[in-house]
Every structure is written in C-alpha cells, then in structure tokens.
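J.: Using this note's numbering, the letters of the sequence shown correspond one by one to residues 9 to 371.
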Amino acid sequence: MNYLITAGISALTFFLGVFGIYNYAPYSIDSLAVEGNLGAITTLVGTESLSDFPTTYNANLAQLMRMSTTSVDSITTLTNLVSIGTITTGIWTGTTITVANGGTGSTTLLANGVLYGNGTSGVLAVPIGSNDQVLTLSSGVPVWASGGTDETLNYNWTGTHRFTTFHSSSTMVLNGISLSFPPTQAVGSSTVLANDGSGNLTWETPRPAVATTSTIIYSNNSQATTTFFTYEVVADTLSGSSVIMGSFGMQHKGNNNNFIQISLKFGGQLLAFAEFELTTGNWTVCANAGTQRCGSILSFFIINDENGNQTGTISNDQGAETQLTVYPISVDVTAQQTLLLEGRDRGTASTLFINSAFVQVLK
C-alpha cells in the first residue's frame with residue numbers, strides 16, 4: 009500500500025514540475041537565438057516563456073518558406089530569375105542588346121538619326137539629310153531628299169505662288185487659252201509679246217503707224233524731180249510684214265499726152281515705182297484744155313517685207329500704160345532709215361499740179 013502512495017506522489021510532483029517549467033521557466037536556460045541575416049526572422053529572447061514558442065515558431069517557419077521562393081521582393085542576387093516586373097529606378101548595365109532580343113545592336117546611335125529594319129541584318133540608320141528635305145524611297149531604301157512634284161498630276165493651286173522659272177517648251181493655259189512662250193529673251197527695249205493666232209508668242213517691236221501728209225502746190229512742165237516729203241522711220245519699223253499705203257491728188261492742164269512718175273524710197277533704195285499715163289480719153293476731157301484743169305486722185309497699196317515678199321496694187325488707173333513696180337527691201341531695217349516720196353512730170357508740153365500726197369506705213 010505504501011508503494012502505491014509513494015508512486016502517486018512522485019507522479020504528481022513530476023507533472024507539477026513540468027507544468028511550472030513550461031509556463032513560467034525563462035528561455036535563457038535553453039535559448040534558440042537566430043542571426044537575422046535577412047531581417048525577417050523573429051529572435052527568441054530569454055524572458056519569453058515556453059508557452060509563447062509555438063506562435064513564434066510558426067511565424068518564423070512561414071518566413072523561411074516565403075524566402076525559399078523566387079518572388080521575394082528583396083532578392084537581388086539570384087542568377088536564375090524567372091520573371092521580373094517593371095523597373096522604375098536604377099541603371100541597366102551590361103552587353104549590347106541584339107536586335108533578335110528587341111535591342112538595336114548598337115551601344116551608340118547618331119543624334120537625330122532615323123532607324124529602319126534591314127531584315128536579318130539588324131537595324132540600319134538613315135544618313136542625316138539637310139534642311140527642308142523629306143524622307144523618301146530610292147530603289148526601295150529610305151533616304152532624305154528634296155521634295156518633288158508629280159508633273160503628271162493636275163493641281164488646284166488656291167494660294168499665291170511665285171514661279172521663278174518657266175520653260176518655253178511648256179504651254180501655259182490661261183482661261184482656256186494655250187500660250188507658248190518664246191525660248192529666248194527679247195532683243196532691245198520696248199518689245200511686246202505678239203500672238204500669231206495659234207497661241208505661239210513671239211517678241212515684236214510695236215510698229216506705230218508712220219503717217220505723213222502734205223499739201224503740195226507743185227506746178228511744173230519739165231522733167232525735174234520734186235521731193236514731196238521725207239520721214240525718218242525708227243529702227244525695226246519695217247521688220248517682218250509691213251503695209252505701205254499711199255495716195256496723191258493731181259490736176260493736169262494742157263497737153264493730155266503726159267506721164268507722172270512717183271518713186272517711194274527707203275534708206276536710199278527704191279521701194280516702189282509707179283508711172284501713170286495721162287492721155288486723152290482716160291482723163292476727164294476738159295472743155296478748154298489750155299486753160300482748164302482736169303484731175304483725178306490715184307492711190308497705191310504696197311505690201312513689202314524684209315523676206316523679199318512684195319506685191320502692189322493701184323486704184324483709179326486712168327491710163328492704159330500705168331504700171332507699178334515693187335522692190336524687196338534690201339537695206340538694214342533694224343536701223344533708222346529715211347522714207348522719201350518724190351515725183352516728176354515726164355512731159356514738157358503741159359502743166360502738172362500735185363496738190364496732195366499721203367503715205368502711211370503700218371505694221
């Protein structure tokens with residue numbers, strides 16, 4: 009019986025001792041201090057009780073399990089990172105990133121340069137151009153070049169434009185009228201553009217009418233030549249085709265068998281010569297041929313140009329032997345020349361009166 013009591017007392021004492029140590033004994037008698045290298049493990053101190061150990065242990069175990077993965081934010085030295093987020097700070101250093109890996113394959117790039125793909129060869133840079141150039145293609149390769157205009161297209165220019173060069177080979181259309189400009193600059197001053205009726209423009213010198221009239225009281229019964237008038241024709245007036253119109257009025261007294269000769273000279277050269285026959289039957293018969301004047305007004309029309317083309321007509325022809333001869337211009341028409349009209353009575357037995365003379369040169 010004593011043995012049973014003794015065993016019971018011993019067992020009770022053992023359990024009471026264990027209970028007291030577990031709840032009240034400090035850790036200093038069996039400290040489990042851990043170095044906090046990663047700063048994430050809770051250190052056990054000697055003043056803590058064994059009853060606090062499960063909580064501390066479970067927390068430290070969770071931290072150790074967390075640090076064993078590759079997703080911990082504080083890991084910076086691992087060499088086999090599976091993924092990484094956006095890096096907002098820091099500087100990337102290392103070797104050049106190739107084109108295959110999304111880089112340029114270059115450590116330095118030309119300032120303000122333009123990069124373009126080059127198939128399997130990587131990335132190339134377009135050489136720098138100059139001001140006002142545009143990026144275009146040359147044989148399929150991007151290049152900087154001066155901008156051009158497609159000449160085959162139609163444009164509706166709505167603004168104000170200034171064209172510094174216009175080629176004569178081009179035809180300009182204004183208000184539906186096609187105009188082709190001359191290929192060279194005009195020679196001399198005071199020139200104008202003349203249209204030939206087909207849109208071809210040429211430089212021409214304005215040809216003002218050269219008009220001269222004179223009232224002449226010319227009475228002669230001899231063969232002496234009388235100058236009716238002279239006129240200085242400015243340079244280039246007779247260039248190209250010119251028209252010369254003239255007329256004179258005359259009266260005759262005396263012998264009806266007579267001739268009048270009129271000469272038109274230009275620069276000393278005979279330009280036109282007319283001879284008018286005055287015979288009975290062709291002129292108005294005078295009641296008294298010895299005292300009464302019989303007369304008529306005759307006119308001539310001459311076309312003459314510097315190319316040797318000439319023709320002439322005469323009106324109020326009063327004589328069967330009247331003739332008009334026109335000569336081509338052979339003098340220098342680019343210089344100033346004198347236009348002269350003169351006439352004479354070929355007969356000697358009559359009196360011839362020239363009371364007016366008129367010559368006009370038209371371009």
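Ideal placement from N, C-alpha and C gives every residue a C-beta, glycine not left out.
(1) Given that a residue counts as buried once 16 or more other Cβ atoms are within 10 Å of its Cβ, and exposed if not, what is Leu118?
(2) Could you tell me if Phe274 is buried or exposed, where buried requires 16 or more neighbouring beta carbons within 10 angstroms of its beta carbon?
(3) Let me know the secondary structure DSSP gives Leu72 once reduced to three states.
(4) Note the first and the last residue of the continuous beta strand (DSSP E) segment covering Tyr239.
(5) Using 8 Å for Cβ pairs, my map puts Gly130 next to Gly113. What's the rounded Cβ distance?
(6) Measure the alpha-carbon distance for Ala343 versus Val242 and round it to whole angstroms.
(7) Check the C-beta distance from Thr199 over to Glu212 and give it rounded, since I have them as a contact under 8 Å.
(8) I'd like to confirm something about Ile17: is its beta-carbon nearer than 8 Å to some heavy atom of the ligand ZN, or not?
(9) Taking the beta carbon of Gln277 as the centre, do at least 16 other beta carbons fall within 10 Å, making it buried, or is it exposed?
(10) So, helix, strand or coil for Ile270, using DSSP?
(11) Compute the beta-carbon to beta-carbon distance between Thr104 and Thr115, rounded to the nearest angstrom, for a pair I have assumed lies under 8 Å.
(12) Could you tell me which of Glu159, Thr157, Gln141, Asp158 sits nearest to Val151, measuring between CA atoms?
(13) Taking the alpha-carbon of Asn68 as reference, which of Ile270, Thr51, Ile185 has the nearest alpha-carbon?
(14) According to DSSP, simplified to helix, strand and coil, what is Gly65?
(15) For Asp204 and Asp158, I'd like the C-alpha separation in whole angstroms.
(16) Would you mind working out which of Thr346, Ser57, Glu350 sits nearest Gln269, comparing C-alpha positions?
(17) Provide the residue span of the beta strand (DSSP E) that contains Ala194, from first to last.
(18) Using a Cβ-Cβ cut-off of 7 Å (strictly less than) and excluding sequence neighbours within five positions of Ala295, which residues of its own chain qualify?
(19) When you compare only the Cα positions, how much space is there between Gly156 and Ser197?
(20) In the DSSP assignment, the beta strand (DSSP E) including Gly125 goes from what residue to what residue?
(21) Output the distance between the C-alpha atoms of Gln382 and Ala280, rounded to the nearest integer angstrom.
(22) Run the CB neighbour count on Leu348, radius 10 Å, all protein chains shown included, and call it buried at 16 or more, exposed below.
(23) CA-CA distance, Asp60 and Ile17?
(24) From Val181 to Val107, what does the alpha carbon distance come to, in whole angstroms?
(25) Only counting the same chain, and skipping five residues up and downstream in sequence, which positions put a Cβ closer than 6 Å to that of Ile37?
(26) Please state whether DSSP places Ser154 in a helix, a strand or coil.
(27) Does DSSP classify Asn139 as helix, strand or coil?
(28) So, is Leu272 buried or exposed, given that buried needs 16 or more other C-beta atoms within 10 angstroms?
(29) Going by other Cβ atoms of all chains shown within 10 Å of its Cβ, with 16 needed for buried, is Val341 buried or exposed?
(30) Leaving aside the five residues before and after Ala232 along the sequence, list all residues of the same chain whose C-beta is less than 7 Å from its C-beta, in chain order.
(31) Taking all protein chains shown into account, decide if Phe236 is buried (16 or more other Cβ within 10 angstroms of its Cβ) or exposed.
T.: So, from the listed chains and residues:
(1) Counting of Cβ neighbours within 10 angstroms places Leu118 among the exposed residues, the total staying below 16.
(2) That one is buried.
(3) In the structure shown, Leu72 sits in a helix (DSSP, three-state: H, G or I).
(4) Where Tyr239 is concerned, the enclosing beta strand (DSSP E) starts and stops at 233-241.
(5) Gly130 to Gly113, Cβ: 5 Å. Contact.
(6) If you take the alpha carbons of Ala343 and Val242, they lie about 7 Å apart.
(7) Here Thr199 really is in contact with Glu212; their C-beta atoms are around 7 Å apart, less than 8 Å.
(8) Absence of the ligand ZN from the depicted structure is noted, as is the absence of any ligand whatsoever, leaving it without description.
(9) Looking at its Cβ environment, which holds fewer than 16 other Cβ atoms inside 10 Å, Gln277 is exposed.
(10) Here Ile270 sits in strand by DSSP.
(11) Taking the Cβ atoms as the reference, Thr104 lies roughly 5 Å from Thr115, within the contact range of under 8 Å.
(12) Checking every option, the nearest Cα to that of Val151 belongs to Gln141.
(13) It is Thr51 whose Cα lies nearest to the Cα of Asn68.
(14) Reading the sequence as shown, one finds Tyr at residue 65 and not Gly. Under the three-state reduction of DSSP output, Tyr65 falls in the helix class.
(15) One C-alpha to the other measures close to 32 Å.
(16) Comparing Cα positions, the closest option is Glu350.
(17) Where Ala194 is concerned, there is no enclosing beta strand (DSSP E), given that its DSSP letter is neither H nor E.
(18) Per-residue confidence for Ala295 stands at a pLDDT of 41, beneath the threshold of 50, marking its modelled position as unreliable; no derived number is given.
(19) In this structure, the straight-line span from the alpha carbon of Gly156 to that of Ser197 is close to 37 Å.
(20) Membership of Gly125 in the beta strand (DSSP E) is indicated by the continuous run 122-125.
(21) Given that the chain is displayed from residue 9 to residue 371, the structure contains no residue 382 and the question cannot be resolved.
(22) Result: buried.
(23) Going from the Cα of Asp60 to the Cα of Ile17 covers about 30 Å.
(24) Val181 and Val107: Cα-Cα distance of roughly 55 Å.
(25) With a pLDDT of only 47 at Ile37, under the threshold of 50, the placement of this residue in the model should not be trusted; the figure read from the coordinates follows. Excluding positions up to five away in sequence, the list is empty.
(26) Ser154 sits in a strand when the DSSP states are folded into three classes.
(27) Coil.
(28) Label assigned to Leu272: buried.
(29) With 16 or more other Cβ atoms from the protein chains shown falling within 10 Å of its own Cβ, Val341 counts as buried.
(30) So the qualifying residues of the chain are Arg352.
(31) Answer is buried; the Cβ neighbour count reaches 16.
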